[in-house]
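Encoded as structure tokens, the structure appears first; notes follow it.
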Ligand SMILES: Nc1ncnc2c1ncn2[C@@H]1O[C@H](COP(=O)(O)OP(=O)(O)OP(=O)(O)O)[C@@H](O)[C@H]1O
Ligand SMILES: [Mg+2]
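Residue numbers (my numbering), protein chains in the order written: chain U, 1 to 355; chain S, 1 to 276.
Put into structure tokens, the structure is as follows:
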């Protein structure tokens, strides 16, 4: 099926029937005119042919099975939107191969369109000048949506996303968050086989975000939709996805389950204890030695607070016992580094994948 | 898991386009003020053209082979035709390319070029009704001069008008492709309008043009948008000659539509949807 020059079948489709999407060595570089700042620079750029290549996506390979729920994350400019543009067929890659539902997206964009749903957070597909309801009805005909499916998705969207009061409003009179909700509904009205959602929760308030996640999860489950979401709100991913792809400067830095991600990057856990009386400064030294013996590391012992970090899976009971024996503890908490902290840490590391 | 949706059949495609036309027409009514302003501007341009010609006839009317009455009837027709065939898809699409909104259009299961044709049809229907209103005024002012030469001539005119629509649409669509490279619709729009105004016969019958312009125009499709339909309406071409003109129009229509398709395929390959 997929062969590379030389005839070697490099990526054997293990479950060709169930595979929704296969990406192999996908790359995209943009050419940009080099331009000096200021008006003079802009004028000079008119006559200059100096170009700079920007590698937005490099050598990306992964496969999604049908029904998988996958989150794609990465810093601003990591190449998430560029990837989604190529997977949906509106951008031609500079290298590599993509097959979505057995089709090459940029060659068979129209045929593919019937079976995918797309949200580009910043680009509404709703018709600007007429009420939302009109766009929904247009999509119903355009995608030849069977009445039972349309009825089902429509009802769920109206109920879960609170669309009722918005349906009769022209799109240009909607707020960003209202429009985003309508746009999401429009993208999945035809219960597509794959939904590509590029920042579907951008500009939403906290409670609406929750509604949107519930709607996505519900529709996904109902129709077994393959989900690929990009977002900067990691809760979107922990609540709707099982698998995570982390892009870093166009390269795939991590691909695996969310659990595996946490294990790989967040092996550290903490015990935070609060003591009855403020700690004496002489306590810290000996306590630190004791904690180390039990497989932990004393991070903080000041005021009423003691923080111990450990990596070994089974170290917690011994460490807690130690703290209870040595100190007058009034409260104790076990903390796991949350995914947001992990991701922030990864983004902050200056030399990750390296250029 | 739902089975994959099979491709749309021809009739399902047509239903999709008609549904789109329905919504495009509704959207056209959203900007009344802009419509009125556009009409006013067009009328002003027309008024000035009439004044200029009036002056020319005062000076040396006898030396022209078109009478003053015929000229005014021609200009009224040209104005209405041009108004009905004012298609704004280039500005619209140019704007969508600039902002990257074109992405959502390209992700629809309908053909982009055909969808834009129905957008153009919606413009044409909307503007056509206004043009009919203007025609009614012109009829009462000009009397018999404004009527078609014969029922036969009127039939030719209707066919010619339909072909003129396809040509006009195809020209506009062809020019749009420039916006896929420049990422801005304005320059493209301005250059098309400039050529259209000079070579379509909007400001004067092409028979009065200097020979050089006439021969350039003969090799381009613009004359078939305004001049040819009026030639048939006024019966200046009849019988075999009329059929010949219709044939020429049909060739231009088909040729430019296909050319637009060809260029679009190439343009889309290099298009970089703007914005993250
Ligand atoms: N049309 C374009 N021309 C030139 N460079 C581009 C273009 N589109 C994107 N880029 C560049 O490609 C890189 C990846 O952009 P992309 O939009 O894919 O990032 P992203 O991961 O979606 O970021 P964000 O989280 O901010 O949405 C960026 O450095 C961006 O500047
Ligand atoms: Mg993005």
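Just so it is clear, CB atoms sit at the ideal spot from N, CA and C, and this is done for glycine as well.
Bear in mind the structure is a predicted one, so any value in this text is a computation, not a measurement.
Run through chain S and tell me which residues come within less than 8 Å of residue i, C-beta to C-beta.
i                      : result
residue 159 of chain U : Those within 8 Å of residue 159 of chain U in chain S number zero; the least Cβ separation is about 21 Å.
residue 101 of chain U : 4
residue 127 of chain U : 23 and 27
residue 223 of chain U : 1 and 2
residue 142 of chain U : 16, 19, 20, 108, 109 and 110
residue 66 of chain U  : 1
residue 191 of chain U : 2
Using a Cβ cut-off of 7 Å, pull out every chain S residue sitting near residue i, in sequence order please.
i                      : result
residue 90 of chain U  : 103, 106, 107 and 273
residue 111 of chain U : 7
residue 134 of chain U : 23 and 26
residue 138 of chain U : 19, 20 and 23
residue 122 of chain U : 275
residue 185 of chain U : The contacting residues do not exist; residue 185 of chain U stays about 14 Å from chain S at best.
residue 30 of chain U  : 272
residue 118 of chain U : 107
Around the Cβ of residue i, are there at least 16 other Cβ atoms within 10 angstroms (buried) or fewer (exposed)?
i                      : result
residue 86 of chain S  : buried
residue 104 of chain U : exposed
residue 190 of chain U : buried
residue 74 of chain S  : buried
residue 125 of chain U : buried
residue 32 of chain S  : exposed
residue 85 of chain U  : buried
residue 3 of chain U   : The predicted position of residue 3 of chain U is uncertain, since its pLDDT is 41 and thus under 50; no value can be drawn from it.
residue 319 of chain U : buried
residue 193 of chain U : buried
residue 190 of chain S : exposed
residue 244 of chain U : buried
residue 218 of chain S : exposed
residue 306 of chain U : buried
residue 224 of chain S : buried
residue 106 of chain U : buried
residue 335 of chain U : exposed
residue 221 of chain S : buried
Could you pull the start and end residues of the beta strand (DSSP E) that residue i belongs to?
i                      : result
residue 95 of chain U  : 95-100
residue 274 of chain U : 269-275
residue 306 of chain U : 305-310
residue 335 of chain U : 329-336
Report yes if the CB atom of residue i is closer than 7 Å to the CB atom of residue j, and no otherwise.
i                      : j                      : result
residue 123 of chain U : residue 228 of chain S : no
residue 226 of chain S : residue 202 of chain S : yes
residue 112 of chain U : residue 89 of chain U  : yes
residue 237 of chain S : residue 245 of chain S : yes
residue 117 of chain S : residue 169 of chain S : yes
residue 232 of chain S : residue 140 of chain S : no
residue 184 of chain U : residue 200 of chain U : yes
residue 79 of chain U  : residue 43 of chain U  : no
residue 93 of chain U  : residue 21 of chain U  : no
residue 234 of chain U : residue 346 of chain U : no
residue 260 of chain S : residue 174 of chain S : yes
residue 109 of chain S : residue 114 of chain U : yes
residue 240 of chain U : residue 217 of chain U : yes
residue 188 of chain U : residue 121 of chain U : no
residue 69 of chain U  : residue 242 of chain U : yes
residue 321 of chain U : residue 276 of chain U : no
Any heavy atom of ligand 4 closer than 6 Å to the CB of residue i?
i                     : result
residue 95 of chain U : Because ligand 4 does not appear in the structure shown, any question about it cannot be addressed here, the ligands present being ligand 1 and ligand 2.
In the DSSP assignment, the alpha helix (DSSP H) including residue i goes from what residue to what residue?
i                      : result
residue 160 of chain S : 151-182
residue 123 of chain S : 112-142
residue 29 of chain U  : Not the alpha helix (DSSP H): residue 29 of chain U falls in the beta strand (DSSP E), residues 19-33.
residue 51 of chain U  : Run containing residue 51 of chain U: none in the alpha helix (DSSP H); it sits in the beta strand (DSSP E), 51-65.
residue 132 of chain U : 132-142
residue 285 of chain U : 284-293
residue 254 of chain U : Premise fails: residue 254 of chain U lies in the beta strand (DSSP E), 251-257, not in any alpha helix (DSSP H).
residue 323 of chain U : 316-326
residue 85 of chain U  : 80-88
Kindly list, in the order they appear in chain U, the residues whose Cβ is closer than 7 Å to that of residue i.
i                      : result
residue 269 of chain S : 92
residue 100 of chain S : 123
Starting from the beta carbon of residue i, find every residue of chain S whose beta carbon is closer than 9 Å, and list them in chain order.
i                      : result
residue 71 of chain U  : Going along chain S, no residue has its Cβ under 9 Å from residue 71 of chain U, so there is no contact; the nearest lies around 17 Å.
residue 297 of chain U : Here the premise fails: no neighbours, minimum Cβ distance about 41 Å.
residue 114 of chain U : 4, 5, 6, 7, 8 and 109
residue 85 of chain U  : 103, 272 and 273
Give the interface partners of residue i over in chain U, defined as CB-CB distance under 8 Å, in chain order.
i                     : result
residue 30 of chain S : 129, 130 and 170
residue 12 of chain S : 144
Please list the partners that residue i has in chain U, where partner means a Cβ-to-Cβ separation under 9 Å.
i                      : result
residue 248 of chain S : Neighbours of residue 248 of chain S on chain U: none; closest Cβ ~33 Å, over 9 Å.
Beta-carbon of residue i versus every beta-carbon of chain B: anything under 7 Å?
i                      : result
residue 227 of chain U : Looking at the structure shown, chain B is missing, and the protein chains on hand are U and S.
Under 5 Å, CB to nearest heavy atom of ligand 1: contacting residues: U:30, U:56, U:76, U:77, U:78, U:79, U:80, U:81, U:82, S:272 and S:276
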